[in-house]
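There are 2 protein chains.
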Amino acid sequence: MRMLIDGKETSSIAADDRGLQYGDGLFETIAVVHGSPRLWRHHMVRLHEGCGRLGIHIPAADMLYAEVQQLCSETERAIVKIIITRGSGGRGYRPLPDAVPRRIISSHPWPEYAADWTTHGVEIRVCDTRLGINPALAGIKHLNRLEQVLARSEWDDPAIAEGIMLDSDNYLVEGTMSNLFIVRDGWLSTPALERCGVAGVMRTHILELAEQLGMNCEITRLHLNDLQQSDEAFLCNSIIGVWPIRRFGHYEYPLGATTERLIQAVALAGG
Amino acid sequence: MRMLIDGKETSSIAADDRGLQYGDGLFETIAVVHGSPRLWRHHMVRLHEGCGRLGIHIPAADMLYAEVQQLCSETERAIVKIIITRGSGGRGYRPLPDAVPRRIISSHPWPEYAADWTTHGVEIRVCDTRLGINPALAGIKHLNRLEQVLARSEWDDPAIAEGIMLDSDNYLVEGTMSNLFIVRDGWLSTPALERCGVAGVMRTHILELAEQLGMNCEITRLHLNDLQQSDEAFLCNSIIGVWPIRRFGHYEYPLGATTERLIQAVALAGG
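Chains as they are written, first to last, in numbering that gives the first Met the number 0: chain A, 0 to 270; chain B, 0 to 270.
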């Protein structure tokens with residue numbers, strides 16, 4: 000792992016940083032291929048939205064881009080994580096209006112997921128840990144991730160690729176690290192995220208591609224039985240791309256035509 | 000500010016710490032008077048509960064006590080903050096079972112709140128930011144505090160001492176940094192915290208004192224109008240002790256007999 004903090008190569012951070020003290024910040028996890036960060040514009044749009052929501056001054060995108068390239072220009076494939084915190088200072092929870100944000104950019108090796116998860120699909124489970132409902136924090140990728148940590152610690156079985164999370168009102172939301180789509184009766188659907196969840200950049204990208212392909216597509220409230228009774232289903236994020244869902248408990252799903260078309264569209268778009 | 004990280008005097012921390020990456024940890028904010036941490040047992044009970052809930056190995060209380068004393072033995076009054084994180088490591092949200100927790104202990108000057116807030120009471124407001132409901136995280140003092148940060152950033156007026164927070168179902172929960180009690184018809188009541196909120200050590204202490212004093216006391220669900228229609232109301236935490244509530248919007252409250260008895264009991268108990 001290599002790391003740049005406020006542009007300097009180092010691996011330590013002031014312990015009074017509000018990112019540590021309160022989770023007061025945001026992050027993006029970006030696929031970088033041959034030095035080029037994929038879906039960069041989508042990542043920057045979401046980061047901008049998150050900084051606006053939390054009242055954190057967003058660092059210039061050009062500077063972030065240059066720092067990502069500085070870490071990854073020579074690697075074939077890498078993951079870059081950008082963390083933006085509100086920086087140090089302020090007594091207690093109250094943020095200072097002139098807080099200077101801190102940026103932590105790190106590069107990591109590409110994760111080794113099973114190759115056939117992309118081609119043949121994955122097995123998933125449902126998590127007991129629920130997502131609390133809070134529209135003020137919904138959609139953005141902030142640093143308060145204990146719900147995901149608890150959900151991901153529920154299973155050890157390496158055959159299970161992902162766990163699906165429901166909100167406290169029992170609606171289907173997302174995976175611990177991915178977004179969820181289902182296909183039923185010719186409609187592509189993904190859960191609405193105004194109340195909780197992270198609006199993934201690959202989710203946004205796929206919604207755009209689906210529209211370009213003329214698919215019937217909706218963002219809506221879904222229940223667990225909507226997933227169980229779907230014709231096809233898949234997970235996505237900026238690193239894994241698309242993972243078709245093959246099995247969920249007693250339910251088995253085919254690798255269907257809609258999922259295949261979207262996998263091809265993502266590959267063609269270079270996303 | 001002085002700081003000990005894993006026993007060493009330093010002010011920086013590994014940036015891959017999961018406390019920063021995910022808010023994966025807990026904290027305690029402790030009043031230390033003449034080198035003696037107040038309500039130590041209550042702080043350790045809550046920290047133990049929190050570590051158990053998150054699956055973090057809790058450091059030995061004796062070691063934490065010695066480190067608190069190392070920072071504060073010569074100060075008349077100080078605040079000590081103990082942060083316990085899951086430490087570094089693990090790819091993504093999934094915690095490693097053998098993660099080595101990190102402890103960050105820092106001392107801070109006593110905050111300068113207006114002296115008459117204790118004697119004459121405070122003015123409060125209600126926050127727009129709501130608390131999401133999540134029983135898995137309720138009660139413990141974890142590092143995911145964006146809801147409090149957003150709530151505390153809602154007002155600038157220095158005359159307003161605290162903001163009251165409701166949950167997403169409109170129940171009364173707590174202040175941004177304090178717990179809430181009301182007195183009505185001879186009953187002392189405080190909101191139940193099984194669904195969200197932080198179970199403050201001073202709240203626990205006051206509930207114990209109230210029982211010893213033979214007061215009628217209940218932990219229950221409360222609405223905003225229960226506060227508005229109360230005979231007395233007060234806020235508490237381990238640093239401020241008790242702040243009677245004097246004014247909330249159009250409502251004015253007397254400094255009543257129950258609140259005064261509890262203020263005296265806290266002072267006598269050395270809490």
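Glycine included, C-beta positions come from ideal geometry on N, C-alpha and C.
Pick from the options: whose alpha carbon is nearest that of residue i?
{"i": "A209(B)", "options": "A256(B), I163(B), R245(B), I239(B)", "result": "A256(B)"}
{"i": "H41(B)", "options": "I205(B), G162(B), Q263(B)", "result": "I205(B)"}
{"i": "W242(B)", "options": "H222(B), I12(B), V265(B)", "result": "V265(B)"}
{"i": "C216(B)", "options": "G240(B), I239(B), T258(B)", "result": "T258(B)"}
{"i": "L149(B)", "options": "E111(B), G174(B), P108(B), I218(B)", "result": "G174(B)"}
{"i": "R129(B)", "options": "S237(B), S167(B), L46(B)", "result": "S167(B)"}
{"i": "D23(B)", "options": "M2(B), P94(B), G162(B)", "result": "P94(B)"}
{"i": "I4(B)", "options": "G199(B), E207(B), I83(B)", "result": "I83(B)"}
{"i": "V67(A)", "options": "I103(A), G51(A), A114(A)", "result": "I103(A)"}
{"i": "R52(A)", "options": "I262(A), K140(A), G6(A)", "result": "K140(A)"}
{"i": "V99(A)", "options": "Y92(A), G86(A), G91(A)", "result": "G86(A)"}
{"i": "G185(B)", "options": "Q20(B), L25(B), M214(B), V44(B)", "result": "M214(B)"}
{"i": "R144(B)", "options": "G269(A), G6(A), L25(A)", "result": "L25(A)"}
{"i": "E27(A)", "options": "I244(A), I132(A), G162(A), I81(A)", "result": "I81(A)"}
{"i": "Y252(A)", "options": "I123(A), G269(A), Q211(A)", "result": "I123(A)"}
{"i": "N236(A)", "options": "M176(A), G162(A), L221(A)", "result": "M176(A)"}
{"i": "L212(A)", "options": "R220(A), Q263(A), V125(A), A191(A)", "result": "Q263(A)"}
{"i": "E48(B)", "options": "R245(B), V200(B), F233(B), L261(B)", "result": "V200(B)"}
{"i": "L187(A)", "options": "G6(A), R220(A), L46(A), C50(A)", "result": "R220(A)"}
{"i": "E8(A)", "options": "I29(A), W39(A), L70(A), Q20(A)", "result": "L70(A)"}
{"i": "F233(A)", "options": "Y21(A), L38(A), R183(A)", "result": "R183(A)"}
{"i": "N169(A)", "options": "S152(B), I132(B), Y170(B), L171(B)", "result": "I132(B)"}
{"i": "I78(A)", "options": "R101(A), P96(A), L38(A)", "result": "L38(A)"}
{"i": "R101(B)", "options": "E146(B), C126(B), R151(B), C50(B)", "result": "C50(B)"}
{"i": "D113(A)", "options": "A65(A), I218(A), I239(A), Q20(A)", "result": "What sits at residue 113(A) in the sequence shown is Ala, not Asp. The candidate whose alpha carbon is nearest that of A113(A) is I239(A)."}
{"i": "M43(A)", "options": "T203(A), P96(A), M164(A)", "result": "T203(A)"}
{"i": "P190(A)", "options": "D97(A), G88(A), H222(A)", "result": "H222(A)"}
{"i": "C126(A)", "options": "A160(A), R45(A), S11(A), D97(A)", "result": "A160(A)"}
{"i": "L142(A)", "options": "E207(B), Y92(B), G6(B), V172(B)", "result": "Y92(B)"}
{"i": "D97(B)", "options": "L254(B), Y64(B), H56(B), S152(B)", "result": "H56(B)"}
{"i": "A65(B)", "options": "R90(B), G6(B), Y21(B), G269(B)", "result": "G6(B)"}
{"i": "G88(A)", "options": "Q20(A), F180(A), G248(A)", "result": "Q20(A)"}
Check residue i in the structure and name its three-state DSSP category.
{"i": "I139(B)", "result": "coil"}
{"i": "E193(A)", "result": "coil"}
{"i": "E153(B)", "result": "coil"}
{"i": "R37(B)", "result": "coil"}
{"i": "A30(A)", "result": "strand"}
{"i": "R260(B)", "result": "helix"}
{"i": "R144(A)", "result": "coil"}
{"i": "R1(B)", "result": "strand"}
{"i": "A266(A)", "result": "helix"}
{"i": "L19(B)", "result": "helix"}
- Query: Do the segment 69-77 of chain B and the segment 26-44 of chain B make contact, defined as three or more Cβ pairs closer than 8 angstroms?
  - Reply: These segments touch.
- Query: At a Cβ cut of 7 angstroms, what residues of the segment 80-91 of chain A count as close to chain B, listed as they run along the chain?
  - Reply: Residues passing the 7 angstroms Cβ filter: R90, G91.
- Would you list, in sequence order, the uninterrupted beta strand (DSSP E) runs of no fewer than 3 residues that lie entirely inside the segment 45-114 of chain A? Counting only runs of 3 or more, we get 76-84, 101-108.
- Task: Identify each residue in the segment 53-79 of chain B for which the Cβ-Cβ distance to at least one residue of chain A is less than 9 angstroms, and report them in chain order.
- Result: Those residues of the segment 53-79 of chain B placed with their C-beta closer than 9 angstroms to a C-beta in chain A are L53, G54, ordered along the chain.
- Message: Three or more C-beta pairs under 8 angstroms: does that hold for the segment 113-129 of chain A against the segment 50-61 of chain B?
- Response: Taking 8 angstroms as the limit for Cβ pairs, the verdict is that the segment 50-61 of chain B does not touch the segment 113-129 of chain A.
- Message: For the pair the segment 128-137 of chain A and the segment 180-197 of chain A, tell me if three or more CB-CB distances fall below 8 angstroms.
- Response: With the cut-off at 8 angstroms, the segment 128-137 of chain A and the segment 180-197 of chain A touch.
- Does the segment 5-25 of chain B touch the segment 218-226 of chain B, meaning 3 or more C-beta pairs lie closer than 8 angstroms? The segment 5-25 of chain B and the segment 218-226 of chain B do not touch, with fewer than three beta-carbon pairs separated by less than 8 angstroms.
- Message: Ignoring anything shorter than 3 residues, give me the beta strand (DSSP E) runs that lie fully in the segment 169-232 of chain A, in order along the chain.
- Response: Along the segment 169-232 of chain A, the beta strand (DSSP E) occurs as fully enclosed runs of 3 or more residues at 171-174, 178-183, 186-190, 215-219, listed in sequence order.
- Name, going along the chain, the residues of the segment 126-159 of chain A whose beta-carbon falls closer than 7 angstroms to a beta-carbon of chain B. So the close ones are T128, R129, G131, I132, N133, A135, L136, H141, L142, N143, R144, L145, E146, Q147, V148, L149, R151, S152.
- Query: With contact counted as at least three CB pairs below 8 angstroms, one residue from each stretch, are the segment 102-109 of chain A and the segment 146-160 of chain A in contact?
  - Reply: In the pairwise beta carbon analysis, the segment 102-109 of chain A is classified as not touching the segment 146-160 of chain A: fewer than three pairs are separated by under 8 angstroms.
- Query: In chain order, what residues of the segment 159-178 of chain B put their CB closer than 7 angstroms to some CB of chain A?
  - Reply: If the cut-off is 7 angstroms between Cβ atoms, the segment 159-178 of chain B has S167, T175, M176 near chain A.
- Would you mind listing the beta strand (DSSP E) stretches within the segment 233-259 of chain A that are 3+ residues and don't spill past its ends, in chain order? You should have 240-247.
- Name, going along the chain, the residues of the segment 22-41 of chain B whose beta-carbon falls closer than 7 angstroms to a beta-carbon of chain A. Answer in chain order: G22, D23.
- the segment 88-115 of chain A: which residues have C-beta closer than 7 angstroms to a C-beta of chain B, in chain order? Within the segment 88-115 of chain A, the qualifying residues are R90, G91, Y92, R93, P94, I103, P110.
- Message: Under 8 angstroms, CB to CB, which of the residues in the segment 214-230 of chain A have a partner in chain B?
- Response: Taking 8 angstroms as the Cβ-Cβ cut-off against chain B, none of the residues of the segment 214-230 of chain A qualify.
- Message: If the cut-off is 9 angstroms on Cβ atoms, which residues from the segment 8-19 of chain A count as contacting chain B, listed in chain order?
- Response: Cβ contacts with chain B: T9, S10, S11, I12, A13, A14, D15, D16, R17, G18, L19.
- Using a Cβ-Cβ cut-off of less than 9 angstroms, list which residues of the segment 189-218 of chain B approach chain A; keep chain order. Answer set for the segment 189-218 of chain B: R194, C195.
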